[in-house]
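To start, the structure itself, in structure tokens.
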Amino acid sequence: MEQLNQIKLRGNTGSNIYLNNVGDRRVIHFSVATNIAYSASDGSTLIDTCWLNVTAWEKEGMPDFELIQKGVGVEVSGRIRNYKYTAADGTEKNSVEVVANALSLINEPLTPQL
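First residue of the sequence shown: 100, per the working numbering; consecutive thereafter.
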């Protein structure tokens with residue numbers, strides 16, 4: 100059976116959006132918050148928010164990166180990438196990011212529902 104590394108997210112962008120030029124291509128880095136609503140044992144509604152970092156390279160079919168701002172709804176399809184790096188204090192850190200192969204903007208409000 101074929102191996103698979105695929106993820107699909109729908110959520111809102113965070114405040115740290117970085118757009119860089121790398122050679123003749125542009126790349127954008129941003130975070131996406133996804134929210135899941137569920138009922139607690141006492142009947143109250145709880146919201147679980149998960150933040151994921153996304154990297155997307157500009158290519159045909161991608162939206163204009165200039166339109167991606169804080170709070171914009173996005174749908175991201177891609178793969179998960181793990182990597183290690185050394186922090187400024189010398190400690191080794193592990194991180195996870197989503198490398199997008201498809202990205203679209205969502206014009207409707209995104210709200211978690213039970």
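Ideal Cβ positions, reconstructed from N, Cα and C, are used throughout, including at glycine. Predicted model only: the values in this text are computed from it and were never measured.
Residue from the options whose Cα sits closest to the Cα of residue i
i	options	result
threonine 112	Tyr184, Cys149, Asn200	Cys149
glutamate 174	Asp188, Ile205, Asn193, Met161	Ile205
glycine 160	Thr190, Ser176, Gly172	Ser176
valine 198	Lys169, Asp123, Phe129	Phe129
Nearest-angstrom beta carbon gap, residue j and residue i [assumed within contact, 8 Å]
i	j	result
isoleucine 179	isoleucine 127	No, isoleucine 179 and isoleucine 127 are not in contact; Cβ-Cβ is about 18 Å, not under 8 Å.
Classification of residue i by the beta-carbon crowding that lies within 10 angstroms, buried from 16 upward
i	result
leucine 118	exposed
alanine 201	exposed
valine 121	exposed
valine 195	exposed
glycine 110	buried
Beta-carbon contacts of residue i that lie in its chain and below 8 Å, excluding the five residues immediately before and after
i	result
leucine 145	Ala136, Tyr137, Ser138, Ala139
Cβ neighbours of residue i in the same chain (closer than 6 Å, five flanking residues each side left out)
i	result
alanine 186	Lys192
serine 203	Glu174
Same chain, Cβ closer than 7 Å to residue i, neighbours up to 5 away in sequence not counted
i	result
proline 162	Leu202, Ser203, Leu204
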